[in-house]
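Each step along the sequence shown adds one to the number in our numbering, with nothing skipped, and position 276 is 281. Positions of the beta carbon are idealized from the N, C-alpha and C atoms, including for glycine.
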Amino acid sequence: MTRESRPKRKSKDKIVPRNLPEAGKDKAARPGKGSGKGSGKGSGKAADARKGQKRGQRKAAPTGGSLVEGRNAVAEALDAHIPILRAYVASSASKHDARLDALVGRLEGAGIRVEDVSRDRLDALSTRGAHQGIVVETKPFAYASLADIVRRSGEGPALVIVCDHITDEGNLGAIVRSAEVVGAAGVVVAKARAARIGAGAYKTSAGAVAHLPIAQVSNLAAALDELKEAGFWAAGATEHAEQLAWDAPLSGRLALVMGSEGEGISRLVRDKCDFEFRLPQRGVVESLNVAQAATVCAYEWLRRSSTGE
């Protein structure tokens, strides 16, 4: 897709073609004005997302990592090779519990520090009150910078997925997995009011978080401006768009913006998008969740980049 065929939004939600400058001239201004609430609906409404977080088994650790509680969850963390800093085990509990003793043996065999603590201490660390005598603390994730992602993108076609305050770690991890599989340059996430790369993201990413740069930024709108300076076009996935994904220029250097589970793309971020598009649907279900939608869009970018469309 050539730069001359990129769209421009003139009015609310409407996408129409625009004329771009000839090669060699300065890039045209990118208006991208929009209105209303974005889409990219996720795994439920905002209230459901908050409820899911309360039921979750992880909370922030003092070091900036996450806490994982319960025997099954800890075993899964070990199986997923999630980097664990230390483990807290109820004093003397493993001496009377073969399964817990075996789990402690796995932790020690992996060189992880195991501390005997009181059950009161475990209760204080627990979010669900169901720690089953063990809580582990994961290591803080090492985020990349946006500049790292831009450098990795090179000068040709490249994909960066921008997550606008996605709150579910599972969704974030699944998006990172899809991004890594299609060869994206990186993923950008918000620093506040958004999911972090914790144990849940490690699990649903199938380890992809260890192989793809993920930048955590304070201002997503400013991050989009920086990506545009590097030649990217910002594309907002929203159910309010008129243009279908199949007709949108999802190729070349693309910053794919995916909105939060409950609210979609925020107004400030949406206003930075050069164009918007939506996925077609024939069924009666409201929409795909944000991770599924991101996967579809990422593969459409890969298809076009591979075929030269």
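task: Please specify which runs of the beta strand (DSSP E), each continuous and at least 3 residues long, are wholly inside the segment 147–233, giving them in chain order.
output: 163–168, 191–195 and 219–222
- prompt: What's the call for A190, buried or exposed, on a 16-neighbour Cβ count within 10 Å?
  reply: If you number the sequence shown from 1, residue 190 lands on position 185. When all chains shown are included, A190 counts as buried.
field: First and last residue of the uninterrupted alpha helix (DSSP H) at E74
entry: Residue 74 sits at position 69 when you count from the first residue of the sequence shown. Note, E74: premise wrong, no alpha helix (DSSP H); beta strand (DSSP E) at S71 to E74.
- request: Please name the residue in C302, L249 and P88 whose C-alpha comes closest to that of R287.
  value: Within the sequence shown, numbered from 1, the residue matching residue 287 stands at position 282. Looking at the Cα atoms, L249 is the closest of the given residues.
message: In the DSSP output, which residue or residues are listed as bridge partners for Y93?
response: Residue mapping note: residue 93 aligns to position 88 of the sequence shown, counting from 1. In DSSP, Y93 forms a bridge with E120 and V140.
- request: Give the range of the beta strand (DSSP E) segment to which L261 is assigned.
  value: In the sequence shown, counting from the first residue as 1, residue 261 sits at position 256. Where L261 is concerned, the enclosing beta strand (DSSP E) stretches over R258 to M263.
field: Nearest residue (CA-CA) to E74, options K233, L232 and R126
entry: One-based indexing of the sequence shown puts residue 74 at position 69. Closest by alpha carbon: R126.
- request: Please classify A135: does DSSP put it in a helix, a strand, or coil?
  value: Counted from its first residue, the sequence shown places residue 135 at position 130. In this structure, A135 counts as coil in the three-state DSSP scheme.
- prompt: Between the C-alpha atoms of A80 and L108, what's the straight-line distance to the nearest angstrom?
  reply: Here residue 80 refers to the residue found at position 75 when the sequence shown is read from its first residue. Here residue 108 refers to the residue found at position 103 when the sequence shown is read from its first residue. Taking the straight line from one Cα to the other gives about 7 Å.
- request: Could you give the DSSP three-state label for A103: helix, strand or coil?
  value: Position 98 of the sequence shown holds residue 103. The answer is helix: DSSP assigns A103 an H, G or I state.
field: Segment contact flag, the segment 186–201 with the segment 113–131, C-beta cutoff 8 Å, min 3 pairs
entry: no
query: Taking the C-alpha atoms as reference points, what is the distance between V301 and D169?
result: On the sequence shown, residue 301 is found 296 positions in, with the first residue counted as 1. On the sequence shown, residue 169 is found 164 positions in, with the first residue counted as 1. Their backbone Cα atoms lie some 17 Å apart in a straight line.
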